[in-house]
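K.L.:
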Amino acid sequence: MIKVSKAKLEGVLLIKPAPFEDFRGEYVETFNEKIYSEEIANNLKESIYYKEASSLHFVEDDISTGSKGVIKGIHGDAKTWKLVQCLFGKFYLIVLNYNPKSKDYGKWEAFTLSDKNRLQVLIPPMYGNGHLVLSEYDIYHYKQTPYYDPDNQFTIKWNDPRFKIWWPIKNPVLSLRDETGRAQ
217 MIKVSKAKLE
227 GVLLIKPAPF
237 EDFRGEYVET
247 FNEKIYSEEI
257 ANNLKESIYY
267 KEASSLHFVE
277 DDISTGSKGV
287 IKGIHGDAKT
297 WKLVQCLFGK
307 FYLIVLNYNP
317 KSKDYGKWEA
327 FTLSDKNRLQ
337 VLIPPMYGNG
347 HLVLSEYDIY
357 HYKQTPYYDP
367 DNQFTIKWND
377 PRFKIWWPIK
387 NPVLSLRDET
397 GRAQ
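In the working numbering, the protein residues as written are 217 to 400.
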C-alpha cells in the first residue's frame, strides 16, 4: 500500500510506500504500475496534469551515485515525468517549476529523501530537479517517461539568482555542466 499527498507545486506528488518489517529485515514494494497509476490519477484529478498523469508509462530506470557535498542538476525537459527516490543514504531534492507559461514559474520546493523515510517524489514535465548529497554516499534512483534524450534537456545553474533557491551548502562539488548551467 502507498500513501500519496500533494506537494505545494501543482502536479508534484509525494508518495510513501509502506514497508513490511520483521526480525529478518524489510520488504518495500517501490513501484506497482496498477496501484501507482490509480493513485496518481486520483490525486491529480483537479490538476492541469490529470490527462497526462492518468496514462503515465515509465520506460526507463536510472541510478546515480554521489558523495557528500555533490550537487547534480538542476535538469529537466518538456516531456519527461520522473519518479525519484533514495535507495541508500540521504539527499536534499529541489523541484523547480520551469514552465514560463505557468503562474508558478520560478517557484521551487525542497524535500529530504532517504533510505529511512522511503519518500518518493513524482515530478511533471517542465520541472527541473536537482539534488545535494547529504550523507557520505547516496544512491539516487528515478523512473522516467520517455527515454532519456540529452538534446532536449535544460540545465539551470544550481545558484541561479532568478530563482533564489536555498541549498544547505556554500561550496558544492559540481560538474562543468551544472556549474555553468545552460537552458534551452
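Here a beta-carbon is modelled for each residue, glycine too, at the ideal position from N, C-alpha and C.
Note that this is a predicted model, so its numbers are computed, not measured.
Using alpha carbons as the reference points, say which of 232, 250, 341 and 322 lies closest to residue 364.
P.N.:
Position 148 of the sequence shown, counting from 1, holds the residue named residue 364. Comparing Cα-Cα distances from residue 364 to each of 232, 250, 341 and 322, the minimum goes to 341.
K.L.:
DSSP state of residue 398, grouped into three classes?
P.N.:
For the purposes of this step, residue 398 is taken as residue 182 along the sequence shown, with counting starting at 1. Strand at residue 398.
K.L.:
Cα-Cα, which of 225, 226, 393 and 259 is closest to residue 219?
P.N.:
If you number the sequence shown from 1, residue 219 lands on position 3. Among 225, 226, 393 and 259, the Cα nearest to that of residue 219 belongs to 259.
K.L.:
Where do the ends of the alpha helix (DSSP H) carrying residue 224 lie?
P.N.:
Counting from 1 along the sequence shown, the entry for residue 224 is found at position 8. Careful: residue 224 lies outside any alpha helix (DSSP H) and carries neither H nor E.
K.L.:
Quick one: complete alpha helix (DSSP H) runs, 4+ long, within the segment 327 to 368?
P.N.:
Those alpha helix (DSSP H) runs which fall completely within the segment 327 to 368 and span 4+ residues do not exist here.
K.L.:
Which residues mark the beginning and the end of the beta strand (DSSP E) in which residue 391 is found?
P.N.:
As a position in the sequence shown, residue 391 is number 175, starting the count at 1. Looking at the DSSP string, residue 391 is not in any beta strand (DSSP E), and its letter there is neither H nor E.
K.L.:
Using C-beta distances below 8 Å, list every residue in its chain close to residue 379, excluding the 5 sequence neighbours before and after it, in chain order.
P.N.:
Translated into positions along the sequence shown, residue 379 becomes position 163. Cβ neighbours of residue 379 beyond the five flanking positions: 312, 322, 324 and 372.
K.L.:
Only counting the same chain, and skipping five residues up and downstream in sequence, which positions put a Cβ closer than 7 Å to that of residue 386?
P.N.:
The residue labelled residue 386 in the question sits at position 170 within the sequence shown. Here the set comprises nothing.
K.L.:
Using only the alpha-carbon positions, how far apart do residue 309 and residue 231 sit?
P.N.:
In the sequence shown, the residue the question calls residue 309 occupies position 93. In the sequence shown, the residue the question calls residue 231 occupies position 15. Cα to Cα, the separation comes out at about 14 Å.
K.L.:
Does the beta-carbon distance from residue 334 to residue 228 come in below 9 Å?
P.N.:
By one-based count along the sequence shown, residue 334 stands at place 118. By one-based count along the sequence shown, residue 228 stands at place 12. Result no, Cβ atoms of residue 334 and residue 228 do not sit closer than 9 Å.
K.L.:
What did DSSP end up calling residue 231 once you bin it into helix, strand or coil?
P.N.:
Position 15 of the sequence shown, counted from the first residue, corresponds to residue 231. Strand at residue 231.
K.L.:
Strictly by DSSP, which residues pair up with residue 267?
P.N.:
Your numbering for residue 267 matches position 51 in the sequence shown. Residue 267 pairs with nothing; no bridge assigned.
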